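Just below is one structure, and these are the notes that go with it.
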Amino acid sequence: MARQLPRFAVLQLSGCAGCEVSLLNSTEWLYNFELVYMPLVISASNVPSVDVLLVSGGVQTSEDLYKLLRAVNSAKEIVAVGTCAISGGITNLGNRDDVRQMFLSEAERFHLPRMLPKCHPIDDYVEVNRYLSGCPPTPELFMQLLVPDPEYVPKRNVCQECGRKKLKDMKPDHFFYSQRGSPDPDICLINQGYPCVGTSTRAGCNALCTKPGHPCVGCRGPSDAFIDKNAQGWFDSIGKVFEKMTDVPTEEIQAILRSPQLSLFLFQFADYDHVNKKPRPKDKIV
Amino acid sequence: MTQLTFPISRIEGHAQVVIEVEDGKVLSSHFEATEMRGFSNFVKGTPAVQMPVITPRICGVCSTAHHVASVKALEDIFGVEPPPLAKKIRELLLLGQLIQNQATSLFIFTMPDRLDVPSIFHSLETSNISVKGVCDNIARCSLRIRKAGTDIISLAGGQFIHPIKTIIGGVSSGITPEKAELMKKELNTIIPVVRILFNHYWQLSISLKDRIGTWGDDEPTYYLTSTTPIKPSFDSSHIRILSPDGVEMETFTASEFRNYLVFTENEYSYAGQTSYKGNIMRANSLARINMTETMGTPIADSYMSRLERAFGLPTHPILLFDLCRGIELIYAIERAIEILSEPLNHDITSVAYTPSDGEGYGLVEAPRGPLIHRYNVLDGKITEAEFVIPTVHNMLAIERALTVAANRYIKSGQINLELEKAVGRVVRAFDPCIACATK
Numbered sequence: 001m002a003r004q005l006p007r008f009a010v011l012q013l014s015g016c017a018g019c020e021v022s023l024l025n026s027t028e029w030l031y032n033f034e035l036v037y038m039p040l041v042i043s044a045s046n047v048p049s050v051d052v053l054l055v056s057g058g059v060q061t062s063e064d065l066y067k068l069l070r071a072v073n074s075a076k077e078i079v080a081v082g083t084c085a086i087s088g089g090i091t092n093l094g095n096r097d098d099v100r101q102m103f104l105s106e107a108e109r110f111h112l113p114r115m116l117p118k119c120h121p122i123d124d125y126v127e128v129n130r131y132l133s134g135c136p137p138t139p140e141l142f143m144q145l146l147v148p149d150p151e152y153v154p155k156r157n158v159c160q161e162c163g164r165k166k167l168k169d170m171k172p173d174h175f176f177y178s179q180r181g182s183p184d185p186d187i188c189l190i191n192q193g194y195p196c197v198g199t200s201t202r203a204g205c206n207a208l209c210t211k212p213g214h215p216c217v218g219c220r221g222p223s224d225a226f227i228d229k230n231a232q233g234w235f236d237s238i239g240k241v242f243e244k245m246t247d248v249p250t251e252e253i254q255a256i257l258r259s260p261q262l263s264l265f266l267f268q269f270a271d272y273d274h275v276n277k278k279p280r281p282k283d284k285i286v
Numbered sequence: 287m288t289q290l291t292f293p294i295s296r297i298e299g300h301a302q303v304v305i306e307v308e309d310g311k312v313l314s315s316h317f318e319a320t321e322m323r324g325f326s327n328f329v330k331g332t333p334a335v336q337m338p339v340i341t342p343r344i345c346g347v348c349s350t351a352h353h354v355a356s357v358k359a360l361e362d363i364f365g366v367e368p369p370p371l372a373k374k375i376r377e378l379l380l381l382g383q384l385i386q387n388q389a390t391s392l393f394i395f396t397m398p399d400r401l402d403v404p405s406i407f408h409s410l411e412t413s414n415i416s417v418k419g420v421c422d423n424i425a426r427c428s429l430r431i432r433k434a435g436t437d438i439i440s441l442a443g444g445q446f447i448h449p450i451k452t453i454i455g456g457v458s459s460g461i462t463p464e465k466a467e468l469m470k471k472e473l474n475t476i477i478p479v480v481r482i483l484f485n486h487y488w489q490l491s492i493s494l495k496d497r498i499g500t501w502g503d504d505e506p507t508y509y510l511t512s513t514t515p516i517k518p519s520f521d522s523s524h525i526r527i528l529s530p531d532g533v534e535m536e537t538f539t540a541s542e543f544r545n546y547l548v549f550t551e552n553e554y555s556y557a558g559q560t561s562y563k564g565n566i567m568r569a570n571s572l573a574r575i576n577m578t579e580t581m582g583t584p585i586a587d588s589y590m591s592r593l594e595r596a597f598g599l600p601t602h603p604i605l606l607f608d609l610c611r612g613i614e615l616i617y618a619i620e621r622a623i624e625i626l627s628e629p630l631n632h633d634i635t636s637v638a639y640t641p642s643d644g645e646g647y648g649l650v651e652a653p654r655g656p657l658i659h660r661y662n663v664l665d666g667k668i669t670e671a672e673f674v675i676p677t678v679h680n681m682l683a684i685e686r687a688l689t690v691a692a693n694r695y696i697k698s699g700q701i702n703l704e705l706e707k708a709v710g711r712v713v714r715a716f717d718p719c720i721a722c723a724t725k
């Protein structure tokens, strides 16, 4: 007789499936959990009762909302996984209302699930017990959520995991986006003119973008120092780092912080600015 | 009129099949995408050079293809040609995606249909095949194989789901011999695992065919690919069309696609459909195998000969899409080993460029077929973005195959319960990706 494993389910709302693909990159859960529902890999029509329900994707259609409200009753614990479930994600692209207008004008179909006016974070509708951020969270982070390692001590920010050296006397006077050149492997990307936001971004990803030379876009969200503050707190902190480490004009710094590539993620815990929602408590965030 | 609705699982994204029946006759079969992503709208106004980071988020399964197609479209606008080493690393990156995708489709999405279980995770006991020291159980072995693909994506692409290393003008860094060696080792150890699982899959497919009496009885169609005709390369430059009777009809570049491919939309799905001048066509694995002379690597070629001996080439039954995926999985592993055996850290990996405005096209062969990104750029910002999506090329073929299956299992007003399984098998043979299709 096999021992009784805790059961978990993955509810996929509107998203890219990258979170599910990431989960499939780890194998330890196979030994510690029984996966009972995940439409990407299992044919099953309803979410059965489970110990942990992971929700990925945002609430974008009437069907998403229905599925979410129905599923949460079967779960002891609800975890919002990835940028879309936490903030509505890339389809919000920050908070550009003009974009939403264009979007909806093309989105009418006869008998299909209706599109909601915006893609909502799941905690607009249900109470969330924990948040696992990242676009997507790495397999190691999924494991830290499902099968926590008691020895694990989280780092403060991406810089601590990156290990590139910050130089005092190397100040760029202009930022170029990531799409240029082969950066020096040992020197901080900000010194080399890349708008990297790793200084204020939550660690846990093992700096997988900055190590090979791509500036951090902040997909893990703000580090603990900023998570309780509003969006402006995080922005200000990044702005200050850029002011201090570069000679880039202030207007250019502000423009870069508001550009889509970063606003994808910089808004992820900040959407409450827009809807009057309180910051998520940091002890709930993995 | 009776409407039969089948929600579809074990594919990427949200979709359903709706079959309409009246007086015992099948009226129509629709494959309906029930979600919409909307990228072509909301990227308007985005600084063009940020597209390679944004567009992978269209889909976490096909992210690599979008990443590379995006960079190629911008290179087309800026008039920059990446150095040879960068091209090699991009090819490796695309092979990583192919390994991950074909392993997922074959063993996680469609193997359960052969085993008649809801999933390979669901019933670890029934799906056990044990070969000592090589494979203890299907779920664990499948995850191990697909992880090798992801590891290649991490190595050649930086981030493991939404890659970042391909940049305009090249790639941001090379691959050290030590890392290449480790990756090769991992690939070499999974080859026997893949062979055992794939042989098992092939046997199970024969049993399935014996049970249902067909490999698929739909008519031949046109075929579409952008891989090269001798030894498939996925970093493509041209699209080719093959006629139903096996004659190569056309070759064209991405910027000419509108002369050949016709896009239409409909009321019942958030995804559209493309045709070849009004004709049904198929992309994905079967199209590529039908349109290549050889795979160019020894083990993959031996499986390709086995396919040719059994069915002849070109061949058309749709369950063969899945067998072709297995051949490509092995090809991708062998070819990745070849690339990793060459120097990958000896030369420049990128060249400088000057951003400019204009229109550009980026073409790659994604696992599901030819993918094109077209951008119009003004003052450095996107004014128009068009994504020509492989799954959309297959939409008409999926619906016709569904109608064929429906007619097989709905006879004189009686619905055979096999229909639900057949619907799943038909859709999964095309491995559609709904997130992409509703870009």
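So the sequences go chain by chain: A and B.
All residue numbers for the first sequence refer to the numbering used here, where the first residue is 1 and numbers rise by one.
All residue numbers for the second sequence refer to the numbering used here, where the first residue is 287 and numbers rise by one.
For each residue, glycine too, the CB sits at the ideal point set by N, CA and C.
All values derive from a computational prediction rather than experimental measurement.
1. Determine contact between the segment 667 to 679 of chain B and the segment 327 to 336 of chain B, defined as no fewer than three beta-carbon pairs at a distance below 8 Å.
2. So with Cβ pairs under 8 Å, would you call L429/B a contact of chain A?
3. Would you tell me roughly how many angstroms separate the C-alpha atoms of R611/B and P653/B, rounded to the nearest one?
4. Helix, strand or coil: how does DSSP classify K278/A here?
5. Can a CB atom of chain B be found closer than 8 Å to the CB of M1/A?
6. For V126/A, which residues of its own chain have a beta-carbon under 8 Å away from its beta-carbon, when the five flanking residues on both sides are left out?
7. Which whole-angstrom value describes the C-beta separation of T199/A and I256/A, a residue pair presumed to lie in contact below a C-beta threshold of 8 Å?
8. Determine the direct distance from the alpha carbon of P117/A to that of H602/B, and round the result to whole angstroms.
9. Whose CA, out of E706/B, I619/B, I701/B and G710/B, lies closest to the CA of G310/B?
10. Which runs of the beta strand (DSSP E) at least 3 residues long sit entirely within the segment 509 to 580 of chain B? Give them in chain order.
11. Under 7 Å between beta-carbons, which chain A residues line up against R376/B? List them in chain order, please.
12. Using 8 Å as the Cβ pair cut-off and three pairs as the minimum, do the segment 432 to 440 of chain B and the segment 366 to 383 of chain B touch?
13. How about the segment 636 to 647 of chain B and the segment 501 to 516 of chain B: do they share at least three Cβ pairs that are nearer than 8 Å?
14. Can you give, in chain order, each stretch of the alpha helix (DSSP H) that sits fully within the segment 640 to 715 of chain B and has at least 4 residues?
15. If you run the structure through DSSP and keep just helix, strand and coil, what is P333/B?
16. For M590/B, which three-state DSSP category applies?
17. Compare the C-beta of A17/A against all C-beta atoms of chain B and say whether one is closer than 8 Å.
18. Taking the alpha-carbon positions, what's the P113/A to E321/B distance?
19. Nearest-angstrom Cα distance between L528/B and V650/B?
20. So which residues of chain B does V41/A contact, with C-beta pairs closer than 7 Å?
21. Leaving aside the five residues before and after A573/B along the sequence, list all residues of the same chain whose C-beta is less than 7 Å from its C-beta, in chain order.
22. Compute the Euclidean distance between the alpha carbons of W234/A and P222/A, then round it to the nearest angstrom.
23. Considering only the beta carbon of each residue, do I613/B and Y639/B sit closer than 8 Å?
24. What residue from H174/A, K240/A and T138/A has the CA that sits closest to G82/A's CA?
25. Report the three-state DSSP secondary structure of K311/B (helix, strand or coil).
26. Using a C-beta cutoff of 8 Å, does K451/B count as contacting chain A?
27. Cα separation between K374/B and V158/A?
28. DSSP three-state call for A434/B: helix, strand or coil?
29. Is DSSP giving S14/A helix, strand or coil here?
30. The alpha helix (DSSP H) with V480/B in it runs from where to where?
31. Using the Cβ count rule (16 or more neighbours within 10 Å means buried), how would you classify P449/B?
32. Could you tell me the distance, in whole angstroms, from the CA atom of S491/B to the CA atom of L392/B?
33. Residues in the same chain with beta-carbon distance under 7 Å from E727/B, minus the five sequence neighbours each way, listed in chain order, please.
34. Are the CB atoms of E685/B and H316/B nearer to each other than 8 Å?
35. Helix, strand or coil: how does DSSP classify G94/A here?
36. Answer with buried or exposed for E318/B, where buried requires no fewer than 16 other C-beta atoms within 10 angstroms of its C-beta.
Let me lay it out:
1. Contact between the segment 667 to 679 of chain B and the segment 327 to 336 of chain B is present, with at least three C-beta pairs closer than 8 Å.
2. Closer than 8 Å: yes.
3. Looking at the two C-alpha atoms, the distance is approximately 9 Å.
4. In the three-state reduction of the DSSP assignment, K278/A falls in the coil class, being assigned neither a helical nor a strand state.
5. Caution is warranted here: a pLDDT of 40 is assigned to M1/A, below 50, making its placement in the model unreliable, and the coordinate value is therefore given only provisionally. Under the Cβ distance rule, M1/A does not count among the residues neighbouring chain B, no pair being separated by less than 8 Å.
6. Taking C-beta separations shorter than 8 Å and ignoring five residues to either side along the sequence, the partners of V126/A in its chain run L68, L69, V72 and I78, following chain order.
7. The pair is not a contact, with the Cβ atoms about 14 Å apart (cut-off 8 Å).
8. So the alpha carbons of these two residues sit roughly 44 Å apart.
9. The candidate whose alpha carbon is nearest that of G310/B is I701/B.
10. Runs of the beta strand (DSSP E) lying entirely within the segment 509 to 580 of chain B and spanning at least 3 residues, in chain order: 524 to 528, 534 to 539, 547 to 550 and 559 to 562.
11. The premise fails here: R376/B is roughly 14 Å from chain A at the closest Cβ pair, so nothing lies under 7 Å.
12. Result yes; three or more Cβ-Cβ pairs closer than 8 Å.
13. Flag = no, the segment 636 to 647 of chain B and the segment 501 to 516 of chain B do not touch.
14. Counting only runs that start and end inside the segment 640 to 715 of chain B, the alpha helix (DSSP H) elements of at least 4 residues fall at 676 to 679, 681 to 695 and 704 to 715.
15. Strand at P333/B.
16. Residue state, collapsed to three classes: helix.
17. At a cut-off of 8 Å between beta carbons, A17/A contacts chain B.
18. Distance between the alpha carbons of P113/A and E321/B is about 7 Å.
19. Straight-line Cα distance between these residues: approximately 18 Å.
20. Near V41/A (Cβ distances below 7 Å), the residues of chain B are R296, I394, S405 and F407.
21. Once the five neighbours on either side are set aside, the close Cβ partners of A573/B are Y509, L510, T511 and G655.
22. Approximately 7 Å between the Cα atoms of the pair.
23. Contact flag unset, no.
24. Distances from the CA of G82/A to each of H174/A, K240/A and T138/A were compared; the closest alpha carbon is that of T138/A.
25. Three-state DSSP puts K311/B in a strand.
26. K451/B has a beta carbon lying within less than 8 Å of a beta carbon in chain A.
27. C-alpha separation (whole angstroms): 30 Å.
28. A434/B: helix per DSSP, three-state reduction.
29. S14/A falls in the strand class under three-state DSSP.
30. Annotation: the continuous alpha helix (DSSP H) that includes V480/B extends over P463 to I498.
31. Using a 10 angstroms sphere on the CB of P449/B, the tally of other CB atoms reaches 16 or more, which defines it as buried.
32. The alpha-carbon atoms of S491/B and L392/B are separated by roughly 11 Å.
33. Given a span of 287 to 725 for chain B in the structure shown, any question on residue 727/B remains unanswerable.
34. With respect to H316/B, E685/B sits close: the two C-beta atoms are nearer than 8 Å.
35. Its pLDDT being 45, under 50, G94/A is placed unreliably by the model, and the measurement read from it follows with that caveat. The three-state reading of DSSP puts G94/A in coil, since its state is none of H, G, I, E or B.
36. By the 10 Å Cβ count, E318/B comes out buried.
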